[in-house]
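Data first, discussion second: the structure below is written as structure tokens.
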Amino acid sequence: MSRRDTRLPARRRRTLGAVVAGAAALVLGGCAQDAPQDTWQPAGDNAQKIHDLQWPVFLVAGVIGVIVLAVVAFAVVRFRDRGQPMPEQSHGKPALEIALTILPALILVGVGIPTVSTVFDLAEEADTECIINVTGQQWWWEYDYPVQDGCGGISAPIVTSGQLVIPADTNVLLRLTSRDVIHSFWIPKLNGKKDTVPGRVHTLRMQADEPGIYAGQCTEFCGLSHANMKMEAVALFPADFQTWVANQLEDYQAPAEGSLAAEGEATFTANCAYCHQVNGLTTTAPDGSVTPVLANPDEFVVSGAAPNLTNLMTRNTFAGATWDLLTEECRDRVWNAPPEEFGERYLAGVSADCLNEVDLREWIRNAPAKKPMYATADQAANSGGKFRGMPALGLNESQIDQIIAYLLERH
Amino acid sequence: MFTTGSKLFIGGTVLAVVAAIVFAVSYDGDRAWVAGIGLIAAAIALSFLMGINLWVRDSNVGGMQADATTTSAAAQSRPGNSMWPIVGALGGALVVIGIVATPVVFKAGIVVLLIALFEWLVQSWSERASADPAFNASIRARLMHPLEFPVLGAVGLAVIIYSFSRIMLFLSKEAGPAVFVVIGALITVGGFLFASKATLKTSVVAGISTIAALGLVSTGAVMAIDGERDMHEYPTVSNDPTVCSSNAETETDERASQTVAAKSNVAATVIFNADRQLYVQQIGTGAYSRVATLQRSNPSPVMFRNLSDEAVRLKVNLGTFTDPATGTVTSQPVTCTTLVEPDGRQFLSLQFPKSSLATTQPYSFEVPEVEGATVEIVVP
């Protein structure tokens, strides 16, 4: 046969080329450096345990897979039908069959022992140093810190959202649940994923070796904006964490009288405070009596909750961590900070210069237009008059200016 | 004149038209038009297929020649008897009855009708495959048995299980286990006897099994008609402030279960210990505490364990809400477990729609009539 005869037809060559290019793209995709949700880059003890397990298992499974594929490919090519007579058929080869039963069983036992051991290690609760409640709802996460001696001591409950702030190098236990449908909490660099189920409390250990921000994503399809239901864990040195705790528990600072922020406080109270709680916010009745402004999201939202905005500008994200509160430049400054400087930069919060006003303004103007939600009046009529997500409030640009000025002071 | 295929589609078209008319006349629900459009669309599609079949003579080129359909060997074999027209008629009857009576019968009729049509179609096709009836039967079996056997097996199993469940639900709580044991023993002994008598004729085994199955199904049917035994649900939770305020025994307490089914995965375990102190333990903390944090707007499963030597109940104060204008108390809801015996446990599912900020008195657990036995609940 001549050399020319052995070449594949042009069409097959093109197909083969496309397959090889696709496979190469997939393989090379695994080499990406900027991959904040890379499960192969553990940044904490728990994720490291998973990594230490999955790497050898992946290796063994990969080698076996390659061997099996190679043997199948060899058999397909070597013994393909060329019109040759049917070879002699045989049945049963006890020694081979027993060997092929025992070998996989041994491999599975070999994989099973460290797997079970890791599962038990990851379920350990006795060494907990800090407890945080995590509640999922469509389409954001709420984090509340109960009163405890752990976490360096928390004297009053703290409620926040968007970013889970934890002390670095500390064994944190998350108590996970959900208010509406099943979600799944996953920050790949810190641990595996865990479902959050209404009416059930699941636990997940969390520990970060170094200060920094670790990205995550809801991994259980939960409706329209599942893809926008992100989360970020922010690890701070324990001393910085204490600063953060103290900041969260500071008394409410009312805006200066006559300022734009003061107008924003009134606008916020009239439009936003039905659902969003700002601790310490009060209202004064015509008779001079002062009463606290209490949000009643249970009357307006299916999940019965809306993000607490008391310290909004201490976070770097809003709307379920879908958008950054910081401009890109300021965000990079925080995300790429060396560990020893990270706490200082993060605790600076969001200043007027660093505020991502474009996205925040669009969100306040018409939230459902920015993030897919079930939050129009027609849609709410299908769920007992309650919204899934934030509805458009019909605010004018002047009111939006006021609210942004007010929120900018929520440090 | 009409080919075999076109006859089938003529029948289907007529059926769809009749169904559309019957449906339009009998059903006046909001979305009747959806079914109407579906049935009319089916009629149009089936009539279109009927036309094509007539035009191309069932795609049989040879069929254009009269000899192929009248004198060929395959055309000479007489079709065998078929039960499918009768089954189809039964399905049709069920559809009509279901339209009048209940949707379940209507749906069952549709299923029976579709099965009959499909089986009849395959039978007709197989009987025209060749002039050899044995070969025709074999190709039908090759196509249909992989479908029929699993489905029939599953249906048979479901009927037996359903019949057995009706029997168990009919019997009293005491008789149920005894009958369960007797039937189980009979099946085991019967199976053993069949297995030990290798020479037993298959027909004998089949006959006995059939009689047993029929007996089970008919007994189940009779007991299903007669109905389930009365089952009383005894609540283990009360929202009556009078009941919750004391540890005096009430009628509800006498009957309440002292066991807990959903005891795993609780948000908090409230413990009343031998020193008449009330504490709470939450997941992740081994320590006893006098403050519990429960999430807002979320069902929180709570377990109460009574480790004291007296029967007590756990009361939960679900807030005190006042009218901000007048300062008067508008509501003060409570809930509580029934009396829990010493070493007993009980379960509550709590939901706090509003944070602790909204209540003028703290949310709390307490044991009535025991001073200091209180645990505060913080709802962030």
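Chains as they are written, first to last, in the working numbering: chain A, 1 to 411; chain B, 1001 to 1380.
Note that CB positions come from ideal geometry on N, CA and C, so glycine has one too.
Residue i and residue j: beta carbons closer than 8 Å?
i, j, result
"Leu1113/B", "Gly1088/B", "yes"
"Ser178/A", "Lys194/A", "no"
"Asn296/A", "Thr1293/B", "no"
"Met313/A", "Arg410/A", "yes"
"Thr128/A", "Lys49/A", "no"
"Trp141/A", "Met231/A", "yes"
"Gln1295/B", "Thr322/A", "no"
"Glu220/A", "Leu173/A", "no"
"Val1334/B", "Pro1241/B", "yes"
"Asn1053/B", "Gly1005/B", "yes"
"Phe1272/B", "Ala1373/B", "yes"
"Trp139/A", "Cys31/A", "no"
"Ala1043/B", "Ala1016/B", "yes"
"Pro1380/B", "Val159/A", "yes"
"Thr1219/B", "Ile1161/B", "no"
"Ala235/A", "Glu210/A", "yes"
State the Cα-Cα distance for the pair residue i and residue j, rounded to the nearest angstrom.
i, j, result
"Ser1047/B", "Gly1012/B", "8 Å"
"Met1144/B", "His91/A", "29 Å"
"Leu393/A", "Leu355/A", "22 Å"
"Arg3/A", "Gly29/A", "With a pLDDT of 49 at Arg3/A, under the threshold of 50, the modelled position of that residue is not reliable, and no figure is offered here."
"Pro368/A", "Ala1041/B", "38 Å"
"Arg365/A", "Leu281/A", "23 Å"
"Leu1169/B", "Ala1158/B", "16 Å"
"Gly1191/B", "Ala1185/B", "10 Å"
"Pro146/A", "Val1217/B", "58 Å"
"Phe1304/B", "Thr1236/B", "12 Å"
"Met1/A", "Arg80/A", "A caution first: Met1/A carries a pLDDT of 44, below 50, which makes its placement in the model unreliable, though a value can still be read off. Near 19 Å, if we compare the C-alpha coordinates of Arg80/A and Met1/A."
"Gly1284/B", "Gln402/A", "43 Å"
"Ile404/A", "Glu265/A", "10 Å"
"Ala285/A", "Gly1327/B", "14 Å"
"Leu1152/B", "Ala1129/B", "26 Å"
"Arg1371/B", "Cys1244/B", "For the sequence presented, residue 1371/B should be read as Glu rather than Arg. Approximately 15 Å, taken between the alpha carbons."
"Asp180/A", "Pro198/A", "6 Å"
"Ser225/A", "Gly162/A", "15 Å"
"Gly1344/B", "Ala1221/B", "41 Å"
"Ala270/A", "Ser303/A", "22 Å"
Can you tell me which of the options puts its alpha carbon nearest to the alpha carbon of residue i?
i, options, result
"Ala1274/B", "Phe1194/B, Ser1308/B, Ile1097/B, Leu1152/B", "Ser1308/B"
"Val1291/B", "Ala1268/B, Phe1149/B, Arg1276/B, Ala1311/B", "Ala1268/B"
"Thr1360/B", "Ile1021/B, Thr1330/B, Pro1103/B, Asn1298/B", "Thr1330/B"
"Arg361/A", "Ile64/A, Gln399/A, Ala246/A", "Gln399/A"
"Thr1338/B", "Val1181/B, Arg1166/B, Asn1306/B, Ala1093/B", "Asn1306/B"
"Ile186/A", "Ala168/A, Pro36/A, Pro104/A", "It should be pointed out that residue 186/A corresponds to Trp in this sequence rather than to Ile. Per the Cα distances, Pro36/A."
"Gly1091/B", "Trp1084/B, Gly1109/B, Asp1343/B", "Gly1109/B"
"Ala208/A", "Val57/A, Pro42/A, Ala377/A", "Pro42/A"
"Thr1003/B", "Ala1035/B, Ser1124/B, Gly1207/B", "Ser1124/B"
"Pro167/A", "Gln242/A, Leu176/A, Ala261/A", "Gln242/A"
"Ala1248/B", "Val1017/B, Ser1163/B, Glu1310/B", "Glu1310/B"
"Asp34/A", "Ser383/A, Val60/A, Asn336/A", "Asn336/A"
"Asn428/A", "Thr317/A, Gln277/A, Asp52/A", "Here chain A has residues from 1 to 411 only, and residue 428/A is not among them."
Run down chain B in chain order and give the residues with a C-beta less than 8 Å from the C-beta of residue i.
i, result
"Asp144/A", "Thr1293, Gln1295, Pro1380"
"Pro198/A", "Asn1298, Pro1299"
"Val147/A", "Val1291, Thr1293, Val1378"
"Val278/A", "Neighbours of Val278/A on chain B: none; closest Cβ ~11 Å, over 8 Å."
Given that residue i touches chain B, what residues does it touch there, using C-beta distances under 7 Å?
i, result
"Ile131/A", "Gly1284, Thr1285"
"Val76/A", "Here the premise fails: no neighbours, minimum Cβ distance about 27 Å."
What in chain A is Cβ-close to residue i, meaning under 7 Å?
i, result
"Ala1358/B", "Leu294"
Using a Cβ cut-off of 8 Å, pull out every chain A residue sitting near residue i, in sequence order please.
i, result
"Lys1354/B", "Leu294, Asn296, Asp298"
"Ala1206/B", "Under the 8 Å cutoff, chain A gives no residues; its nearest Cβ is about 32 Å from Ala1206/B."
Interface residues of chain B around residue i at Cβ under 9 Å?
i, result
"Pro87/A", "Residues of chain B passing the Cβ test: none, with the nearest at roughly 27 Å."
"Thr135/A", "Gln1295, Arg1296, Ser1297, Asn1298"
Interface positions of the region 1300 to 1328 of chain B facing chain E (Cβ-Cβ less than 9 Å), listed along the chain: Included in the structure are the protein chains A and B, with no chain E among them.
Cβ-based contacts, 9 Å cut-off: residues of the region 292 to 307 of chain A near chain B: Those residues of the region 292 to 307 of chain A that come within reach of chain B (Cβ to Cβ, closer than 9 Å) are Pro292, Leu294, Ala295, Asn296, Pro297, Asp298, Glu299, Val301, Ser303, Gly304, Ala305.
Under 8 Å (Cβ pairs) to chain B, residues found in the region 169 to 191 of chain A: Leu173, Arg175, Thr177, Ser178, Arg179
Contacting positions in the region 47 to 63 of chain A - beta carbon closer than 9 Å to chain B: none
Near-chain B residues of the region 94 to 128 of chain A - C-beta to any C-beta below 9 Å: Glu125, Ala126, Thr128
Where the region 1130 to 1146 of chain B meets chain A: residues whose CB sits under 8 Å from a CB there: none
Under 7 Å (Cβ pairs) to chain B, residues found in the region 154 to 168 of chain A: Residues passing the 7 Å Cβ filter: Pro157, Val159.
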